[in-house]
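For the record, the sequence lines run as chains A and B.
Residues 1 to 561, numbered by my numbering, are exactly what the first sequence covers, in order.
Residues 1001 to 1561, numbered by my numbering, are exactly what the second sequence covers, in order.
Structure record follows, encoded as C-alpha cells.
There are 2 protein chains.
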Amino acid sequence: MSSVAQQMFQRHRETLDQALAAIADRGFWTPYPESLKQYPDDAVKGAPQRFEQMLRKPFALSLPGGVDSGESVGEEVSPYGFELGVSYARPDADALVSAMGSVLPEWRDAGVEARVGVCLEILARLNALSPDIAQAVMHTSGQAPMMAFQAGGPHAQDRGLEAVTYAWQAMSQVPSQARWEKPQGKHGPLVLDKRYHIVPRGVSLVVACSTFPTWNTYPGLFASLATGNPVLVKAHPGAVLPVAMTVKVAQEVLAEAGFSPWIVSLVPDSQAAPVTKRLALDSAVKLIDFTGSSAFGNWLEDNARQARVYSEKSGINSVIIDSVDNLKAVTQNLAFTLSLYSGQMCTTTQAIYVPKGGIQTSEGHVGFDEVAAAIATAVEKFLSDNDRACAVLGAIQSCATEERIAASRALGEVVLDSEARVHAQFPKARVHTPLLLKVDGDNKAAYREERFGPISFIVATEDTDHSMALAREVISEQGAITLGAYTTEEAVAERFERLAMDVAVPLSLNMDGGVFVNQSAAFSDFHATGGNPAANASLSNLAFVADRFVVVQSRRHHTAA
Amino acid sequence: MSSVAQQMFQRHRETLDQALAAIADRGFWTPYPESLKQYPDDAVKGAPQRFEQMLRKPFALSLPGGVDSGESVGEEVSPYGFELGVSYARPDADALVSAMGSVLPEWRDAGVEARVGVCLEILARLNALSPDIAQAVMHTSGQAPMMAFQAGGPHAQDRGLEAVTYAWQAMSQVPSQARWEKPQGKHGPLVLDKRYHIVPRGVSLVVACSTFPTWNTYPGLFASLATGNPVLVKAHPGAVLPVAMTVKVAQEVLAEAGFSPWIVSLVPDSQAAPVTKRLALDSAVKLIDFTGSSAFGNWLEDNARQARVYSEKSGINSVIIDSVDNLKAVTQNLAFTLSLYSGQMCTTTQAIYVPKGGIQTSEGHVGFDEVAAAIATAVEKFLSDNDRACAVLGAIQSCATEERIAASRALGEVVLDSEARVHAQFPKARVHTPLLLKVDGDNKAAYREERFGPISFIVATEDTDHSMALAREVISEQGAITLGAYTTEEAVAERFERLAMDVAVPLSLNMDGGVFVNQSAAFSDFHATGGNPAANASLSNLAFVADRFVVVQSRRHHTAA
C-alpha cells in the first residue's frame, strides 16, 4: 500500500477511533469546529477575496486522457444577484465513466487502510478550506453566510466522516485472511488458508443538489470512495463550484498518495443539456446517490436497475401541536424553523396540525386562530430586523421556488404573507420571508404536495387523534424527513413515539429552546430513516455503506511453510 | 420484554458470543454437530418411523383468525418414489399478509434481545429435531440421507445462526438511548435525551426452493425475524414438509414466549395455482428472499418494487485447469463435486475449462482428451459401487431435471454418459449419474446456459489465458456462485485471484483433497458474493441484514429528574 496513504491513515487514526466511539454512543461529537473563531484569521478574512479571484475564469480539474470534449459549461448565478462566470470542462460522459471503471482495480487494490487514510485526509483539508467553501456554497445555494459556513463546511464534513466511519466499521469486520481448521475425528484436520477481499461494486455516481451542494453530497461520495468505488460527482448546474472545489481537494490528495487523481471526478452539465439520465443508465455505474425531487428520484430507482440507488426525495415534514407548556417559546422555536434558509431545507416543516378547538397551554386554553396568529407573530418579530432576517433567510436558490411562493398564496387563507426583503450588501438578492397559510384538514390538495420553499400550512383538525391520523396518512403516502410534536401529556408523547415508529420518521418532541426540528447532528441524529417515501436510505448507518462492496474470498489447502 | 424470551436470550448468550467471534475470525466453528453420533440414539433411530407417522395426514400449524379458506393443498412426491400425502391448510394469502402486518408492532416492540432470544431457541430446537428434518428433506429434495441430515440440519442451522448473529451485530450497534450535550460557549450546554428504535420494514416473504428447503430458507427467515419482521414462508409445492416442520417449531417457541405464533407463518401453494407473484406484489410485503431460477428472481426484482429483494439465482459455476500437481487427486476431487446430489447444488461446477493443448502435471504433459478421460474415469470409479453411488448422488428432485439430462446429450461429445441407477431401498427413486460432455470454447450456446442437474461440460480452450477470458465473459454475463482453479504456478494463482475479484466470485484454488468447490461453511465462507448476476446478496454478511430494519429516533430536551 502507498506509504503516503499509510501516513495519512496513521495521522487520522485517532479521529477515526473517536468517530467510531461517537457513532456507538451517539452523544455530541465533532472534530470540525462550527465556530469561525476556531479557524485561522487569514483563512476567514481572506475567503471573500479568494472567492472573487475564482470568478469569471475556468476552474481546472484533472481528467483522464481521451475524455476531454473540448467543450465547457458554466451557468451559475448567485442567488445574491450576480453571475459567477466560472467555467468547467465538460468531459465526454461515456468516456469518463469508462476511464473511471479502468482505475477501479487500482483503488480497490490499495486496500482498506489506504482508502480510508485518503478519505480522512481529504476531509481534513476540506475542513481547513471551510471558509472558502462557504463562499461558494453561499453564492450557489443562496444560504446565508453563517449557514453556508456551518452546513456547507464542518457539518458537511461531519456527515462525510460519519460515512467513512461506517464504511471502515463494515469493512474492518471482514478479516483479510483466516485459517479454517476442521477436525476430522481420528484423522488429521482439514486445514484451509483463506483470503478475503473487499471488492467495490463499480463506478459510483453522486448526483448533487443545488441547495446543499456539499452536505448532501459528502455522505455518498465518501461512503463510495472509502469502499473502493471511483466516484463521479454530477454537480447541479446551479451549484457546481462547491462540488468542484471538493473534487479538486480529493484529486490533490489522491495524487499525493500516488493514485490516479480522477478516481474522484466531476461531470458538470447544463440545464439545457442535462447528462444525469445518460450517466445513470451506464452499465458501469453500480451506485447512485441522489438528493432532489421525488419525480427524479423515483425515475432513477425505476430505471437505473443496474445500480443500487440511495435517494433522498420530497416529503411533507410535519409538526403536531397537542398542548404546550409555554406557547411563546414554542412559536419562537417554530419561527426559526420556518425562517431558516427560507424553508429550503429538506427538513423544514410544511404542515402544522392544530386542533380547530384550540390547545391547552400553561396559561390556559388558546384557540386555533390564536395559535396561528401566535406563530405568525413570532415569525414577524423574529424577522423584524432586516439584517438579522437576511442572515437567517439567506436567498431563494431558484426562480422556480420564488415563483412557487406567489403561486401558493391561493392555496389557503393567508395568516402571514411572504414579503420580499432587500439585502443590504446584495440588493439584487432573492430574499423572501415565509408564507403561512391556514387550511382545513380536508383540503388535502393544498398541503399534501411538497411546496418546496418558505411555504407552510397550519392545518385545522378535529382533535389530536385527527391530527395524528392525518399525519400518519400523509407521511405514509408522501414521506417525511422530520416530525415535530408538542404535548404536555406523557401518554400522548408515547403515542407520538409510536406514530413515529409506524411511519418511520424521526421525532422531535417539545422543541421550545435552542434546538430545532430541522437541524440534524451527525454522529447522533440519523438523517431520514429510509423507511418512508421521502428517502430510501438514512445518513448514515450500516445499511448506507454495507452494500457498496462485496467480499470475494479465496481458499486453498494450507501447506506448512 | 417477555421474561421467557429473556431467559431464552440468556440461555443462548454464550452461543451468540461465540458466533460473533466466529464471523470475525472466520475459522472453523459450529454449535450444531454434523455427526449423527453426537445426537441421541433415539432421536436418530426413531426418525424414519416418526417421518412415516407424519405421512398421509394433515400437518397442523397456527393461523390467525379469519384467514382459513377451508382449502388445503399437498402434492409432495418423494424423489425416492412415493407420495407423501401430507396436506396443509391453504390460507387466504391476502388475509394472511394483512394479519401478519397487524402483529408487526407486537414483534417490533418486543425488542432486540427478546427477538434474538426467540430466534436462538428456535434454532436450538431445530437442531435437536435434525434427524426428523433430515427425513423430510430427503423425501422432498431427493438428497441422500447423510447430506439431508448435514445440509438440511446442522449446516442449515449454522446459516440461520449466522444471519441472527449479523442481525444482532447490526442492531446492537445502535444504542437504545443517548444523551447529546452540545457546549454553547459561556452559556449552558444544549442537552437532549434521545431514544433509538429498531423498526422492521414490514412483512417478510421467504420463497423456499425444492432442493435445499431449509439451507436456503433459514438465512432470510432468521435475518428478517431477528430484525423484527413477521416472516411468511412460501414453500415450494414439492418441498413443503421441512419448511412446515420449521415453521411449527418457530410457532411453538413464539407461543411459549408469549407472542402470536403466526409471526412466522407458512403459505403453501400448488404447481397449478401458484401464489408467489400475488404475495410478492402485496404492498405490505417489504422484504423478499428468493432462491431459484434467474427468470423468476429477475421477475421479482423487476416487479416487487415495494420490497427489498434478496435473490440467489442461476449461474455458470466454473473450474479452470491450468496445471496440476497430482492429476489423480484433482480428478477424484472433481468426481465428488460433480456427483454430490447429482449436480443439483447451486454450487456445482458446470463448465471445466481445459486448454486443448493439454496441461502440465507432476508426471508430465497430459493432453486435453486424456484430462477429459481422467475426469470421466474418476467419476466412473467413484460411482462404481452402487450403494456408495446412491449415498452420494441422492435422487433427482424434479422430472424436469431428469428430462434435461436426456435433452442435453446432444449439446456436445459425450465423455461420460449419464446412467440410471437402481436404489436398493427405493427402487422407484430417480437416480442418475453425471453426464459429461466435451465442447469447444466457441460452442457458447451449449455451456453458457445453466443446465441444472448432473450435466457438465469440459470446454476446450486455446490456453489458460483463453480459459480465463471465457470464464470472465461467461461469469460477467451469467453469474456464478463458485469458481475453482488449478495451477502449480503462483503467478497464475494470483491471476486467478484477480479474476475472482473482477467477476466477484469466490475462488477455490487447487482443491485436491477433502474439501470441494461446491461446499461452503458458515461463519467462514461467504456463500455467493452478491456481486455478479448469480445472486444480488451474500449469505450472510452485514449487507444481508442491515437494510431489513430502519432506525427511528426521538429526541427531547433533557430535564433533570
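For each residue, glycine too, the CB sits at the ideal point set by N, CA and C.
Since the model is a prediction, treat every value here as computed from it, not as a measurement.
Q. With C-beta atoms as the reference, is residue 349(A) less than 9 Å away from residue 518(A)?
A. yes
Q | chain A residues whose Cβ lies nearer than 7 Å to that of residue 1260(B) | A | Per Cβ cutoff of 7 Å: no residues; residue 1260(B) is ~18 Å from chain A at best.
Q. By the 10 Å Cβ neighbour count, where 16 or more other Cβ atoms means buried, how is residue 1186(B) classified, buried or exposed?
A. exposed
Q) If we call anything under 9 Å between Cβ atoms a contact, is residue 115(A) one with residue 227(A)? A) yes
Q. What are the start and end residues of each continuous beta strand (DSSP E) run of 3 or more residues lying completely inside the segment 139-214 of chain A, in chain order?
A. 177-184, 187-200 and 203-207
Q) Can residue 1453(B) and residue 1432(B) be called in contact, C-beta distance under 9 Å? A) yes
Q) Tell me which same chain residues have a C-beta within less than 6 Å of the C-beta of residue 1398(B), skipping the five on either side of it? A) none
(Q) Just checking: is the beta-carbon of residue 263(A) within a distance shorter than 9 Å of some beta-carbon in chain B? (A) no
Q: Jot down the residue ranges of each uninterrupted alpha helix (DSSP H) in the segment 1509-1559 of chain B, minimum 4 residues, whole runs only, in chain order.
A: 1542-1546
Q) Do you know offhand how far residue 180(A)'s Cα is from residue 1165(B)'s? A) 19 Å
**Q.** Whole-number beta carbon distance between residue 478(A) and residue 316(A), since they are thought to touch under 8 Å
**A.** 5 Å
Q: Could you tell me the distance, in whole angstroms, from the CA atom of residue 239(A) to the CA atom of residue 387(A)?
A: 25 Å
Q | Residues, ordered as in the chain, of the segment 1300-1317 of chain B that lie near chain A by beta-carbon distance below 8 Å | A | 1301, 1302 and 1305
Q | Cutoff 7 Å; reference residue 57(A); Cβ partners in own chain excluding five residues on either side | A | 86
Q. Hey, which unbroken runs of the alpha helix (DSSP H) at 4 residues or more fall wholly within the segment 279-358 of chain A?
A. 294-303 and 327-339
Q. Is DSSP giving residue 491(A) helix, strand or coil here?
A. helix
Q.
So the candidates are 41(A), 81(A), 117(A) and 549(A); which of them puts its Cα closest to the Cα of residue 130(A)?
A. 41(A)
Q: Express the C-alpha separation of residue 1304(B) and residue 301(A) in angstroms, rounding to a whole number.
A: 13 Å
Q | Where residue 407(A) falls, given that 16 or more other Cβ within 10 Å makes a residue buried | A | exposed
(Q) If the criterion is Cβ atoms closer than 9 Å, does the pair residue 1505(B) and residue 1475(B) meet it? (A) yes
Q: Measure the CB-CB distance between residue 347(A) and residue 461(A) and report whether it falls below 9 Å.
A: no
**Q.** Residue interval of the alpha helix (DSSP H) (run including residue 1414(B))
**A.** Taken as a continuous stretch (DSSP letters only), residue 1414(B) belongs to no alpha helix (DSSP H), being part of the beta strand (DSSP E) at 1413-1416.
Q: Could you give the DSSP three-state label for residue 15(A): helix, strand or coil?
A: helix
**Q.** Range covered by the alpha helix (DSSP H) that runs through residue 1377(B)
**A.** 1368-1382
Q. Leaving out five residues before and five after residue 1048(B) in sequence, what residues of the same chain have Cβ atoms less than 7 Å from its Cβ?
A. 1135
Q: Compare the C-alpha of residue 374(A) against each of 146(A), 326(A) and 516(A) and name the closest.
A: 326(A)
Q) In whole angstroms, what is the alpha-carbon distance linking residue 293(A) and residue 314(A)? A) 6 Å
Q. Can you tell which of 1532(B), 1520(B), 1006(B) and 1423(B) has the C-alpha that lies nearest to the C-alpha of residue 1144(B)?
A. 1423(B)
Q.
According to DSSP, residue 460(A) sits in a beta bridge with which residue or residues?
A. 354(A) and 440(A)
**Q.** Within chain A, the residues that residue 1175(B) reaches when beta carbons sit closer than 8 Å
**A.** 24, 25 and 26
Q: Can you pull the chain A residues whose beta carbon is under 8 Å from the beta carbon of residue 1115(B), in chain order?
A: Within chain A, no residue comes near residue 1115(B); the closest Cβ sits about 15 Å away, beyond 8 Å.
Q) Sorted by chain position, which residues of the same chain lie with C-beta nearer than 6 Å to residue 1127(B)'s C-beta, five sequence neighbours on each side aside? A) 1032 and 1157
Q | Nearest-angstrom Cα separation, counted from residue 498(A) out to residue 430(A) | A | 41 Å
**Q.** When 1270(B), 1470(B), 1515(B) and 1494(B) are compared against residue 1074(B), the one with the closest alpha-carbon
**A.** 1270(B)
(Q) Looking at chain A, is there any beta carbon in it that lies within less than 9 Å of the beta carbon of residue 1550(B)? (A) yes
**Q.** C-beta neighbour in chain B for residue 127(A), strict 9 Å
**A.** no
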